[in-house]
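Just add 2 to the spot in the sequence shown (first one is 1) and you have our numbering. From the three backbone atoms N, C-alpha and C, an ideal C-beta is built for every residue, glycine too. All of these numbers come straight from a predicted model, not from anything done at the bench. Encoded as structure tokens, the structure appears first; notes follow it.
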Amino acid sequence: MGKIKLDEIDHQILDMLIDNTRIPFTDIAKKLLISAGTVHVRVKKMEESGIIKGSSLMLDYKKLGYSFIAYVGVYLNNTSQTKFVLERINEIPFVTVAHITTGKFNIFCKIRARSTEHAKEVIFLLDDIEGVYRTETMISLEESINDKKRLMHSIFNDMN
């Protein structure tokens with residue numbers, strides 16, 4: 003599928019939605035001097051084309067008691083087990099991200115936990131999955147950057 007063409011109004015709408023996914027269409031319309039119906043139609047068009055895929059909710063995990071972050075590299079006995087292992091990993095709610103990777107690990111995961119003890123339990127769950135040869139864990143001391151907005155703004159600025 004080719005690159006979708008967006009005009010300046012689409013870009014401005016996206017910029018505002020990137021900064022605040024809950025901004026009312028009427029507020030966007032007032033700022034852009036267009037009708038709320040126009041905003042609605044354009045957003046719907048961008049959703050149907052796949053440019054906009056839902057909206058997201060950002061949580062403060064520290065306030066919820068899940069401030070411990072670790073990254074776990076998973077080594078498999080055989081790469082043919084990747085799908086099976088990913089299905090098992092998907093059953094562990096504390097694994098928030100999993101990537102199939104090249105290089106050192108077959109799968110690379112991000113976990114969120116309440117404490118080191120809880121993280122150990124999650125890592126042991128990963129280790130116990132059939133087909134996992136071993137894991138290697140890196141503890142995050144601080145999540146210094148976690149900002150998708152900058153990337154999204156940059157992508158849309160490049161499209162101009």
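Residue i - DSSP class collapsed to helix/strand/coil
| i | result |
| --- | --- |
| E138 | strand |
| T23 | coil |
| L78 | strand |
| R44 | helix |
| I30 | helix |
| S58 | coil |
| G52 | coil |
| N148 | coil |
Residue i and residue j closer than 8 Å at C-beta
| i | j | result |
| --- | --- | --- |
| V74 | N108 | no |
| L128 | I102 | no |
| R114 | Y63 | yes |
| A72 | T139 | yes |
| I20 | H120 | no |
| I54 | I6 | no |
is_contact[residue i, chain B] using C-beta, thresh 8 Å
| i | result |
| --- | --- |
| S58 | Although the question refers to chain B, the structure presented lacks it and comprises just one protein chain. |
Alpha-carbon spacing of residue i relative to residue j, whole angstroms
| i | j | result |
| --- | --- | --- |
| F2 | I94 | Given that the chain is displayed from residue 3 to residue 162, the structure contains no residue 2 and the question cannot be resolved. |
| E132 | E123 | 16 Å |
| L8 | A38 | 18 Å |
| F27 | M60 | 20 Å |
My parser needs the beta strand (DSSP E) runs of 3 or more residues fully inside the stretch 61-135; what are they? 70-78, 97-102, 109-115
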